[in-house]
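Numbering (our numbering), first residue to last: 94 to 389. Cβ atoms here follow ideal geometry from the backbone N, Cα and C, with glycine treated the same way. Encoded as structure tokens, the structure appears first; notes follow it.
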Ligand code: PAF
């Protein structure tokens with residue numbers, strides 16, 4: 094049986110995290126960071142693999158961040174699988190796991206804590222249906238980046254809007270870190286990997302790949318110009334609703350800022366959020382048009 098070359102260290106306090114990072118910096122190491130909420134799957138591990146290629150040291154955090162969940166959302170039942178996660182991280186060659194508790198990240202409590210809010214981008218699509226969500230994400234990611242002090246931080250593009258929010262936050266706050274989005278990892282039937290897929294029963298799980306199929310069909314229609322943008326969005330919503338989903342949006346947007354497409358655009362992102370039973374699923378697909386849009 095092979096043993097990992099490096100032993101993973103786990104720290105629970107910000108103070109211990111800073112001490113390890115300071116030692117690495119003195120030794121001239123570079124740091125790549127993957128923030129997570131745990132319940133790790135192949136999507137997270139692919140981020141860590143890429144992180145190992147990009148820096149000499151890798152840090153993963155596991156923290157289920159209450160302030161990014163709305164009232165009635167799944168904060169209380171979010172799956173916690175720490176021992177299993179640790180084994181996966183050790184096997185993938187992680188150097189440092191940071192597992193803070195609430196007091197470490199919110200020492201003054203959460204009510205009057207300072208918040209980081211990225212305007213405009215945080216209010217559309219998922220932000221419209223989950224008010225305060227992206228401010229919760231931007232706040233916790235700021236705290237993590239300030240203390241891990243990575244050269245690069247990696248995020249999965251299943252949460253495409255989240256990646257753009259964090260990129261804008263890092264840019265606007267002059268954070269000396271490169272934010273990288275990484276491709277979605279899918280199950281063989283096309284379903285984007287997500288911790289929330291575990292909420293689906295067998296019947297819902299068999300239906301769930303329809304999300305990716307509907308995105309793929311919409312992409313084909315866009316490429317062939319066989320329908321208007323509005324017709325493509327409406328058909329996507331209808332297809333999901335007919336199959337028992339409760340879709341929140343099915344939307345074609347510009348790649349860089351998720352604003353509505355304009356004439357001349359050729360880089361588009363189709364994004365979807367839909368409930369299936371107890372799970373809120375999101376997914377997205379990029380389309381690079383061979384011929385730019387003539388009209389919006
Ligand atoms: O994508 C996630 O898992 C979370 O939103 C993140 C980035 C770890 C912040 O809590």
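Residue i classed as buried or exposed, judged by whether at least 16 other C-beta atoms fall within 10 angstroms
i           : result
residue 241 : buried
residue 378 : buried
residue 176 : exposed
residue 323 : exposed
residue 161 : buried
residue 318 : exposed
residue 335 : exposed
residue 329 : buried
residue 285 : buried
residue 243 : buried
residue 215 : buried
residue 232 : buried
residue 223 : buried
residue 341 : buried
residue 213 : exposed
residue 118 : exposed
Identity of the residues DSSP links to residue i by a beta bridge
i           : result
residue 202 : Paired residues: none, contrary to the question.
residue 103 : 190
residue 346 : 362
residue 195 : Answer by DSSP bridge pairing: none, since residue 195 is not bridged.
residue 403 : Only positions 94 to 389 of the chain appear in the structure, and residue 403 is not among them; the question remains open.
residue 273 : 247
residue 368 : 339 and 373
residue 379 : 362
Closer than 8 Å: residue i CB and nearest the ligand ADP heavy atom
i           : result
residue 163 : The ligand ADP is absent from the structure shown, which contains only the ligand PAF.
Whole runs of the alpha helix (DSSP H) within the segment 245–270, excluding any shorter than 4 residues: Runs found: 253–265.
Three or more C-beta pairs below 8 Å linking the segment 262–271 and the segment 191–199: Verdict: no, contact absent.
Three-pair Cβ contact test at 8 Å for the segment 265–274 versus the segment 292–309: Remark: fewer than three beta-carbon pairs, one from each stretch, lie closer than 8 Å, so the segment 265–274 and the segment 292–309 are not flagged as touching.
At least three beta-carbon pairs within less than 8 Å, the segment 277–285 to the segment 132–140: Contact check between the segment 277–285 and the segment 132–140: three or more CB pairs, one atom from each, fall below 8 Å, which counts as touching.
The segment 116–128 touching the segment 233–251, judged by at least three CB pairs closer than 8 Å: They touch, by the three-pair rule.
Touch test, the segment 361–381 against the segment 210–229, Cβ-Cβ under 8 Å, three pairs minimum: Contact between the segment 361–381 and the segment 210–229 is present: 3 or more CB-CB pairs across the two stretches fall below 8 Å.
Stretch pair the segment 141–155 + the segment 336–351: three plus CB contacts closer than 8 Å: When Cβ pairs closer than 8 Å are counted between the two stretches, the segment 141–155 is seen not to touch the segment 336–351, the count staying below three.
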